[in-house]
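Engineer: In the numbering used here, the protein residues as written are 118 to 357.
Even for Gly, the Cβ is constructed at its ideal location relative to N, Cα and C.
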Amino acid sequence: MNMKQQSGTHTRRSFHQFLLTGLGFGMTTPFAATTVNAAEPEQCPQTCEEAVNRLLRGNQRFVTGNRNHQHIDKEWRARLTDGQQPFATILGCSDSRVPPEILFDQGFGDLFVVRVAGNIIDVDIAGSVEYGVDHLETRVVVVMGHEGCGAVTAAVQAKEIHSEEPNEIRALVAKITPALNDVAKEGEFQTRLASAVEANVRHSVQQLKTIPAIAKAVLEQRTQILGCVYDLDTGRVRTL
């Protein structure tokens with residue numbers, strides 16, 4: 118059995134215009150309020166639009182405190198022993214305050230999650246995201262930064278005041294530094310940090326778009342790449 122057979126397959130369907138969801142890449146507005154019947158299990162999305170809408174509904178439930186808590190019981194776990202069929206790949210930060218499954222109100226087998234400090238791209242991260250797209254056929258790739266990111270903070274400080282970090286952390290910070298070229302050096306630090314977090318997300322998104330297998334999937338409308346930032350205060354995820 119090859120990896121695609123083991124992970125399960127999705128039915129190929131046409132991609133509806135992403136702008137119909139109101140969540141096209143490039144927007145800065147928060148996810149709109151959407152309601153869902155908490156007693157009704159959600160089916161695996163078959164299009165990029167459906168995948169983004171499911172994340173949208175899940176985050177709205179999280180924000181309002183009306184989580185479904187679906188796909189976490191013993192029976193559901195038993196269904197996953199022979200394979201997985203996640204509908205979204207999430208590249209997020211390792212920060213303990215930003216667990217994707219919780220803030221998107223999803224359960225076992227729903228999300229293919231890759232986490233690393235600063236949601237950066239390197240060879241291992243790129244390969245993991247590519248696996249999610251190419252083998253698991255996830256319908257959306259979300260690059261999610263968050264307010265007050267420690268890795269981005271370290272990168273800003275290293276650039277502005279030449280602060281020193283151990284070698285391994287410096288190597289990680291160096292992958293964030295190119296994203297900060299257009300971030301203003303004037304103004305309040307928290308304002309500049311917020312801009313740096315957004316710039317770092319956009320940088321990772323652009324890097325993913327250069328990976329041939331991912332670029333091909335986007336071109337064929339089999340997946341969508343979406344940049345987001347998580348608000349620690351409100352719990353809301355907003356698109357960039």
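Apart from the five residues on each side of it in sequence, which residues of its chain come closer than 6 angstroms, Cβ to Cβ, to Thr-151?
Structural biologist: Legend: pLDDT at Thr-151 = 41, less than 50; position of this residue unreliable, no value from coordinates given.
Engineer: I'd like the ranges of any alpha helix (DSSP H) spanning at least 4 consecutive residues and lying wholly in the segment 238 to 275.
Structural biologist: The qualifying runs are 240 to 251.
Engineer: Quick check on Thr-152: does DSSP put it in helix, strand or coil?
Structural biologist: Confidence at Thr-152 is low in this model, with a pLDDT of 43, below 50, so its placement is unreliable and the value that follows should be read with caution. Reduced to three states, the DSSP call for Thr-152 is coil.
Engineer: Contact between the segment 256 to 265 and the segment 336 to 354: three or more CB pairs below 8 angstroms?
Structural biologist: As far as the Cβ criterion goes, the segment 256 to 265 touches the segment 336 to 354, which means the pair count is three or higher.
Engineer: Pick helix, strand or coil for Val-233, following the three-state DSSP scheme.
Structural biologist: Here Val-233 sits in coil by DSSP.
Engineer: If we count Cβ pairs, one from each stretch, closer than 8 angstroms, do we get three or more for the segment 175 to 195 versus the segment 203 to 213?
Structural biologist: No, because fewer than three Cβ pairs between the segment 175 to 195 and the segment 203 to 213 fall closer than 8 angstroms, the two stretches do not touch.
Engineer: For Val-269, which of Thr-356, Trp-193, Asn-317 has the nearest alpha-carbon?
Structural biologist: It is Asn-317 whose Cα lies nearest to the Cα of Val-269.
Engineer: Span of the beta strand (DSSP E) holding Arg-355?
Structural biologist: Residues 354 to 356.
Engineer: In the DSSP assignment, the beta strand (DSSP E) including Ala-205 goes from what residue to what residue?
Structural biologist: 205 to 209 is the extent of the beta strand (DSSP E) around Ala-205.
Engineer: Does the beta-carbon of Gly-284 have 16 or more other beta-carbons within 10 angstroms, so that it is buried, or is it exposed?
Structural biologist: In the sequence on display, residue 284 carries Asn and not Gly. Classification for Asn-284: exposed.
Engineer: Could you round the C-beta distance between Ala-296 and His-320 to whole angstroms and report it? I think they count as a contact, below 8 angstroms.
Structural biologist: Right, their Cβ atoms sit about 3 angstroms apart.
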